[in-house]
Amino acid sequence: MFQTSLLLIASFAGVHAMSAKAEAPAASPADYVKSVETWRAQRVERLTAPTGWLSLIGLHWLKEGANRVGSAVDNDIVLAAGPAHFGTVTLTEGKVSIRLDPTAGALINGQAGVGAQMLDDAHEVPTTVSAGTVNFYLIDRNGSKGLRVKDSQAEARTHFRGIESFPIDPSWRIEATWVPFDPPHTLETPNVLGQIDSYPVPGKAVFERDGKTFELLPVIEVPGDKELFLIFADRTSGKETYGAARFLYAPMPRDGKIVLDFNKAYNPPCAFTGFATCPLAPPENRLDLRVTAGEKKYAGGPH
Numbered sequence: 006m007f008q009t010s011l012l013l014i015a016s017f018a019g020v021h022a023m024s025a026k027a028e029a030p031a032a033s034p035a036d037y038v039k040s041v042e043t044w045r046a047q048r049v050e051r052l053t054a055p056t057g058w059l060s061l062i063g064l065h066w067l068k069e070g071a072n073r074v075g076s077a078v079d080n081d082i083v084l085a086a087g088p089a090h091f092g093t094v095t096l097t098e099g100k101v102s103i104r105l106d107p108t109a110g111a112l113i114n115g116q117a118g119v120g121a122q123m124l125d126d127a128h129e130v131p132t133t134v135s136a137g138t139v140n141f142y143l144i145d146r147n148g149s150k151g152l153r154v155k156d157s158q159a160e161a162r163t164h165f166r167g168i169e170s171f172p173i174d175p176s177w178r179i180e181a182t183w184v185p186f187d188p189p190h191t192l193e194t195p196n197v198l199g200q201i202d203s204y205p206v207p208g209k210a211v212f213e214r215d216g217k218t219f220e221l222l223p224v225i226e227v228p229g230d231k232e233l234f235l236i237f238a239d240r241t242s243g244k245e246t247y248g249a250a251r252f253l254y255a256p257m258p259r260d261g262k263i264v265l266d267f268n269k270a271y272n273p274p275c276a277f278t279g280f281a282t283c284p285l286a287p288p289e290n291r292l293d294l295r296v297t298a299g300e301k302k303y304a305g306g307p308h
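Numbered as in this note's numbering, the sequence shown ends at 308 without a single skipped number.
See below:
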């Protein structure tokens with residue numbers, strides 16, 4: 006599943022010239038390769054977990070008022086699996102509650118109950134309703150409320166084909182120059198629903214590759230985050246890699262530098278399922294550069 010290059014040692018000696026140079030990790034080349042392989046293995050472990058992204062089987066938007074939910078065709082929201090009648094989810098002026106059907110044998114946050122107010126995924130622990138292998142929880146996307154449905158026996162999970170990646174190349178672990186913004190800028194980022202999300206941008210990362218200068222705008226995904234988040238596309242997008250974007254997290258800048266380790270660039274959930282609501286790479290983060298590092302396009306994906 007994971008690819009490594011037989012030329013790793015040589016690549017340390019012959020990296021591309023960069024004003025924001027490709028910083029050789031403090032660890033040995035072999036240790037660096039091992040650390041990336043470990044990161045990739047943990048990534049796959051999270052992805053294939055019983056409630057990971059591969060378990061998604063549906064995303065259903067709520068209408069105002071009562072929404073009967075279940076797998077039977079007489080429901081307002083027909084699920085791909087689960088009890089015939091889960092219960093009724095009611096949306097009233099932005100607030101959502103559920104009343105369980107007594108025949109469903111369903112649980113609310115793992116506990117037996119009759120009903121509850123539902124917290125959405127803006128909360129640390131959204132309300133989860135489950136029965137057997139199926140569960141759902143509430144999401145909020147710019148005021149639109151929906152049910153994200155998962156099944157640990159989903160075909161995407163049980164038939165997972167593994168992730169192909171570019172060979173690990175230490176020259177793609179880039180120490181970029183950090184240029185802070187004062188005050189911070191705002192980056193408007195479209196998502197697959199056609200909505201626009203706005204993220205604060207504390208600065209920009211500037212680096213050189215193949216004699217050219219490139220810039221990326223990392224964002225603060227959630228207030229208080231200890232890492233910066235990058236949504237980017239490049240000249241491999243739609244060919245070797247997923248077309249909409251790839252994701253990358255970077256440690257907070259330090260001493261005027263920020264490390265961008267493209268060997269850890271990874272596919273968004275939308276590369277694996279049609280039921281996710283992923284952001285797309287904004288124009289500012291579309292690189293005129295082939296980033297031949299990180300994850301490639303997923304062969305078993307919906308696109």
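We put the CB at the ideal spot given by N, CA and C, even for glycine. Computed from a predicted model, the values in this text were never measured in an experiment.
Taken through DSSP and simplified to helix, strand or coil, residue 217 comes out as strand.
Contact between the region 137-151 and the region 113-122 is absent, with fewer than three C-beta pairs closer than 8 Å.
Beta-bridge annotation (DSSP): residue 98 is not paired with any residue. If you compare the alpha carbons of 301, 288, 277, 304 with that of residue 59, the shortest gap goes to 277. Sequence-distant Cβ neighbours of residue 82 in its own chain, meaning closer than 6 Å and more than five residues away, are 65, 72, 74. For residue 266, the enclosing beta strand (DSSP E) begins and ends at 262-266. In this structure residue 244 is exposed. Its beta-carbon is surrounded by fewer than 16 other beta-carbon atoms within 10 angstroms. Taken through DSSP and simplified to helix, strand or coil, residue 269 comes out as helix. Taken through DSSP and simplified to helix, strand or coil, residue 290 comes out as helix. Around the beta carbon of residue 90, a 10 Å sphere encloses 16 or more other beta carbons of the protein chains shown; the residue is thus reported as buried.
The shortest C-alpha to C-alpha distance from residue 131 to any of 101, 53, 181 is the one to 101. Cβ atoms of residue 111 and residue 92 come within 8 Å of each other, at about 7 Å. Just so you know, the alpha carbons of residue 95 and residue 103 end up roughly 6 Å apart. Counting only runs that start and end inside the region 43-73, the beta strand (DSSP E) elements of at least 3 residues fall at 61-66. Collapsing the DSSP output to three states places residue 108 in coil.
The Cβ-Cβ distance between residue 127 and residue 106 does not fall below 9 Å. By the neighbour-count criterion, in which a residue is buried when 16 or more other Cβ atoms sit within 10 angstroms of its Cβ, residue 149 is exposed.
When secondary structure is reduced to three states using DSSP, residue 77 falls in the coil class, being assigned neither helix nor strand.
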